[in-house]
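Peer 1: Its first residue numbered 1, the sequence shown is counted upward by one per residue in full-length UniProt numbering. Each residue gets a CB set at the ideal place from its N, CA and C atoms; glycine is no exception. I am attaching a structure below and will ask some questions about it afterwards.
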Amino acid sequence: MEEGQELNKWEGYVNWRNKPAMRDQHGGMLAASFVLVVEILENLAFLANASNLVLYLSKFMHYSPSSSANIVTNFMGTAFLLAVLGGFLSDAFFTTYRLYLTSAAIEFMGLLILTVQAHTPSLKPPICASASTEIQCEKVNRRKAAMLFTGLYLVALGVGGIKGSLPPHGAEQFDDTTPQGRKQRSSFFNYYVFSLSCGALIAVTFVVWIEDNKGWQWGFGVATAAILASIPVFLLGSPIYRTKIPAGSPITTMFKVLIAAVCNNCKSKNPSNAVMGMKTSPSSYTTETGEEGNATKVKVPSQTLTEDLEFLNKAVTEKTVSPMLQCTVKQVEEVKVVLKIIPVFMCTIMLNCCLAQLSTFSIQQAATMNTKIGSLKVPPASLPVFPVIFVMLIAPTYNHFVVPLARKVTKTEMGITHLQRIGTGLILSIIAMAVAAVVEMKRKKVAIESGLLNSAEPLPITFLWIALQYLFLGSADLFTLAGMMDFFFTESPKSMRSLATSLSWVSLSMGYYFSSVLISTVNNITSIFRHTPWLSGSNLNHYHLERFYWLMCILSSLNFLHYLFWANRYKYRTESTAD
């Protein structure tokens, strides 16, 4: 009887009461479904403001268009960068369960501060007529700016914690030792992106309409209510969640292996120390895997050192200079896996730099155009509704039709590999930047022909032209984000899955930061050869945005060639060596 109970336990997992998780009671698609619903509410709260924030900063806080764009990209970049902190804490010290609840409370506090500021006139600069050239708008003072940035970066901290803990919490509900479990996990990541889009759809339609027509205090208020409502929804799934037990800092292990390898490689230059090599019995290394305590009860296949990144093997095959640097084969091979996925991660940054334009220049472009569809006036910040709807249509189609067909054709479990999905996204981002450049050339041509180059009046051209670049970039996001999350989670060692999955968000963060750096660099360089930089001033019609988009198209093409180099050389972890 006791033996049966032991077999029924999820080894290395606990329930919400910190007792052993049971196979017949915890985990599965139902448990993951709560995560998907929570993500709808969380992304609604985050994107409700992020999608329209650039207009709030320019119209109500009186920042210039380029300053507003940089503030938004820095805010979103920080939010996604902090996901790596959330992933690290989930793996090392806290459970994903506890970290989500803490992060949601922090995001709630930040949104509450922003709501109070938007509601109170004395906490904002005085309203001014932006069309007037005689009256200079009063810029936000330090005290009001401090309140604004406190609220924004509390939201960023909360979002980072949620993004670093919620996706791995959902993915951990599946049994990765069975083909069915792995297929369900892949479906989960597809529907996770679908849930992101559901939240975004409500954010860029209903909430943006409220912000533009009823006031920003109501928009921030809806976002605050959404993140608050996500907490009880998440708690409803508590009885059936299984949560991975934190295994200590994975970063410490990585540094230990790297330092040991460097020290031993330097020491092995002495011929007397170079004899041990690969011939040493593997059993002399694997006996040390008991470092994980009770986790050694799990059946772990015997590991031997691989020839990839061979310099790291010296961390095991040579006698260490200190007992503290003693490593196991398992630790060395795990570090190799992490080092091999980093080039793939680096290649996705450029795509996310392209995505950063959706929440900055693209919205400002649309604001200068005719935003009416018949008698309905559409807010420029609702433009992302096009890629969102497209993602919501293509995600189920991809999951239920494309993937099963690919599995039949290729006769493999995955059907379409993770790297193929990421590569497809990179190609779509190149097309999107080319389309964006052509559309901007058309918009500028209309502005010149209609004599509205120096006017604030809407141009006689529909904003639906901008929807084309949104369509391609939205598709790229679907392929790349779901592919990245599944790739990083599947390929990474079990002890650092939350941290590895957070690399998907870190890539997004680096893309936003790179966008800010690229804009500043382009302005600095072009100001040397011209009196005015490409992307400077308060009138978007005077920007050379089309040149900037062509530059991004070229950079994205070069990045894709770089990606092909690494993708063709990458070898997936075999199921026999998976954790």
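Checking contacts by CB at 8 Å: is Leu481 closer than that to chain C?
Peer 2: Annotation note: the requested chain C is absent from the structure, which comprises a single protein chain.
Peer 1: Using a Cβ-based criterion (distance less than 7 Å to any ligand heavy atom), does Leu561 qualify as near the ligand SAH?
Peer 2: The ligand SAH is absent from the structure shown, which contains no ligands of any kind.
Peer 1: What separation, rounded to the nearest whole angstrom, lies between the Cα atoms of Val116 and Gln217?
Peer 2: Between Val116 and Gln217, the C-alpha separation is close to 7 Å.
Peer 1: Which one or two residues does DSSP pair with Leu376 in a beta bridge?
Peer 2: Answer is Ile373.
Peer 1: Which same chain residues end up closer than 8 Å to Gly158 when comparing Cβ atoms and leaving out the 5 residues on each side of it in sequence?
Peer 2: Answer for Gly158: Ser103, Ala104, Ala105, Ile106, Glu107, Phe108, Met109, Gly110, Ile227, listed in chain order.
Peer 1: I need the DSSP call for Ala145, collapsed to helix, strand or coil.
Peer 2: Helix.
Peer 1: Report the residue from Gly27, Pro380, Thr243, Ser66 whose alpha carbon sits nearest the alpha carbon of Leu545.
Peer 2: Among Gly27, Pro380, Thr243, Ser66, the Cα nearest to that of Leu545 belongs to Ser66.
Peer 1: Give me the Cα-Cα distance between Leu405 and Leu471, rounded to the nearest whole angstrom.
Peer 2: Taking the straight line from one Cα to the other gives about 24 Å.
Peer 1: Whole angstroms is fine: what's the gap from Lys314's alpha carbon to Val233's?
Peer 2: Near 49 Å, if we compare the C-alpha coordinates of Val233 and Lys314.
Peer 1: Contact check, Thr81 vs Gly160 under 8 Å by CB: the rounded distance?
Peer 2: It should be pointed out that residue 81 corresponds to Leu in this sequence rather than to Thr. Going by Cβ atoms, the distance from Leu81 to Gly160 rounds to 7 Å, so yes, they are a contact pair.
Peer 1: Is it buried or exposed for Pro396, if we count other Cβ within 10 angstroms and need 16 for buried?
Peer 2: Burial call: exposed.
Peer 1: Do the CB positions of Val204 and Val385 come within less than 8 Å of each other?
Peer 2: Taking 8 Å as the Cβ cut-off, Val204 and Val385 qualify as a contacting pair.
Peer 1: By Cβ distance below 6 Å, which residues in the same chain neighbour Met510 in space, the five residues on each side in sequence not counted?
Peer 2: Here the set comprises Ile349.
Peer 1: My assumption, with CB atoms under 8 Å, is that Ile514 sits in contact with Leu426. Please give the rounded CB distance.
Peer 2: Sequence check: residue 514 is Phe here, not Ile. About 15 Å separates the two Cβ atoms, so there is no contact after all.
Peer 1: Could you tell me how far apart the beta carbons of Ala467 and Leu459 are, in whole angstroms, since I believe they sit closer than 8 Å?
Peer 2: Between Leu459 and Ala467 the Cβ distance is about 16 Å, and since that is not below 8 Å, they are no contact.
Peer 1: Considering only the beta carbon of each residue, do Met392 and Phe194 sit closer than 8 Å?
Peer 2: Yes, Cβ-Cβ distance for Met392 and Phe194 is below 8 Å.
Peer 1: Grouping DSSP H, G and I as helix and E and B as strand, with all else coil, what is Pro458?
Peer 2: It is coil, neither helix nor strand.
Peer 1: Where does the unbroken alpha helix (DSSP H) through Met256 begin, and where does it stop?
Peer 2: Looking at the sequence provided, one finds Lys at residue 256 rather than Met. 250 to 267 is the extent of the alpha helix (DSSP H) around Lys256.
Peer 1: Can you tell me whether Trp505 is helix, strand or coil according to DSSP?
Peer 2: Helix at Trp505.
Peer 1: Could you spell out the range, first to last residue, of the beta strand (DSSP E) harbouring Ala247?
Peer 2: Where Ala247 is concerned, there is no enclosing beta strand (DSSP E), given that its DSSP letter is neither H nor E.
Peer 1: Compare the C-alpha of Leu339 against each of Leu558, Asp24, Lys571 and name the closest.
Peer 2: Residue Lys571 is the option with its Cα nearest to Leu339.
Peer 1: Report yes if the C-beta distance between Gln357 and Arg443 is below 8 Å; otherwise report no.
Peer 2: Contact: no.
Peer 1: Looking at Asn49 and Gly219, is the spacing between their C-beta atoms short of 8 Å?
Peer 2: For Gly219 and Asn49, yes; Cβs fall inside 8 Å.
Peer 1: Can you grab the Cα-Cα spacing for the pair Ile71 / Val140, in whole Å?
Peer 2: Each residue's Cα considered, the two are about 14 Å apart.
Peer 1: May I ask you to report which of helix, strand or coil DSSP gives Glu11?
Peer 2: Correct three-state label for Glu11: strand.
Peer 1: Which whole-angstrom value is the C-beta distance of Ile528 and Ser475, which I expect to be below 8 Å?
Peer 2: Rounded, the Cβ-Cβ distance is 37 Å, inconsistent with contact.
Peer 1: Going by DSSP, what residues sit across from Met22 in a beta bridge?
Peer 2: BP columns for Met22 point to Lys9.
Peer 1: Return the Cβ separation of Phe75 and Ala156 in integer angstroms, given the expectation that the two are a contact with Cβ distance under 8 Å.
Peer 2: The pair is a contact, with the Cβ atoms about 6 Å apart (cut-off 8 Å).
Peer 1: Considering Cα atoms alone, identify which of Ile519, Ile162, Ser536, Gln326 is closest to Met552.
Peer 2: Ranking Ile519, Ile162, Ser536, Gln326 by Cα distance to Met552 puts Ile519 first.
Peer 1: To the nearest angstrom, how far is it from the Cα of Ile525 to the Cα of Tyr543?
Peer 2: Rounded to whole angstroms, Ile525 to Tyr543 spans 15 Å at the Cα level.
Peer 1: Does Pro343 come out as helix, strand or coil in the three-state DSSP assignment?
Peer 2: Correct three-state label for Pro343: helix.
Peer 1: First and last residue of the alpha helix (DSSP H) that includes Tyr192?
Peer 2: Start and end: 179 to 202.
Peer 1: Would you kindly report the start and end of the unbroken alpha helix (DSSP H) that includes Met552?
Peer 2: Residues 545 to 567.
Peer 1: Report the start-end ranges of each alpha helix (DSSP H) in the region 93 to 134 that is 4 residues or longer and not cut off at the edges.
Peer 2: For the region 93 to 134, whole alpha helix (DSSP H) runs of length 4 or above, ordered along the chain, are 96 to 119.
Peer 1: I'd like the list of long-range same chain contacts for Ser187, defined as Cβ closer than 7 Å, with 5 residues on each side in sequence excluded.
Peer 2: Taken in chain order, the residues that qualify are Asn399.
Peer 1: Taking the alpha-carbon of Gly221 as reference, which of Cys198, Leu114, Leu53, Leu166 has the nearest alpha-carbon?
Peer 2: For the residues Cys198, Leu114, Leu53, Leu166, the minimum Cα distance to Gly221 belongs to Leu114.
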